[in-house]
Amino acid sequence: PSNSTLGNDTLHTFTINDNDNAGYSGPGGVGDSDNNKLWIRAEDLGLSNNDPVTSWIDTSGNGNDFSQSTGSLQPSFQTSQLNSFPAVCWFEASILPIPARS
Numbered sequence: 260p261s262n263s264t265l266g267n268d269t270l271h272t273f274t275i276n277d278n279d280n281a282g283y284s285g286p287g288g289v290g291d292s293d294n295n296k297l298w299i300r301a302e303d304l305g306l307s308n309n310d311p312v313t314s315w316i317d318t319s320g321n322g323n324d325f326s327q328s329t330g331s332l333q334p335s336f337q338t339s340q341l342n343s344f345p346a347v348c349w350f351e352a353s354i355l356p357i358p359a360r361s
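Residue numbers (our numbering): 260 to 361.
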């Protein structure tokens with residue numbers, strides 16, 4: 260570097276522009292729609308404790324959304340279950356199918 264002298268503090272500023280858009284574009288910066296076939300997060304449901312889960316949106320970009328209209332087959336939303344994060348509780352009869360896509 261120019262204008263440097265021995266025995267004195269010298270400050271240099273470098274700017275790195277990362278604008279190549281080559282990084283991952285999936286949820287949380289992990290993967291993308293090609294290698295993340297499904298990405299669901301209980302905290303995205305916006306439900307209260309013990310609410311039935313009628314649908315769950317896939318955030319992978321592939322549209323593999325779950326839905327269940329039959330009340331007896333719906334799992335329930337539970338707050339603060341895993342490391343203070345919410346979870347979905349599946350019972351023996353709980354089913355959230357992904358509709359067939361063409």
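Yeah, the Cβ is synthetic: ideal placement off N, Cα and C, and Gly gets one too. Keep in mind the model is a prediction, meaning the values are calculated, not measured.
- Query: So, helix, strand or coil for L297, using DSSP?
  - Reply: Residue state, collapsed to three classes: coil.
- Task: Could you please give me the residues that DSSP links to P311 through a beta bridge?
- Result: Answer is S335, bridged to P311.
- Message: Please report the straight-line C-alpha distance between S353 and S331, rounded to a whole angstrom.
- Response: Each residue's Cα considered, the two are about 7 Å apart.
- Query: Could you give the residue range of the beta strand (DSSP E) that holds F344?
  - Reply: It spans 344-348 - the beta strand (DSSP E) in which F344 sits, taken as one unbroken run.
- Message: Rounding to the nearest angstrom, what Cα-Cα distance links S319 and N294 in this structure?
- Response: Rounded to the nearest angstrom, the two C-alpha atoms are 9 Å apart.
- Item | Classification of V289 by the beta-carbon crowding that lies within 10 angstroms, buried from 16 upward | With fewer than 16 Cβ atoms within 10 Å of its Cβ, V289 is classed as exposed.
- Query: So, is P356 buried or exposed, given that buried needs 16 or more other C-beta atoms within 10 angstroms?
  - Reply: Around the beta carbon of P356, fewer than 16 other beta carbons lie within 10 angstroms, which makes this residue exposed.
- Taking buried to mean at least 16 other C-beta atoms within 10 Å of its own C-beta, is W298 buried or exposed? With a threshold of 16 other beta carbon atoms within 10 Å, W298 meets it and is buried.
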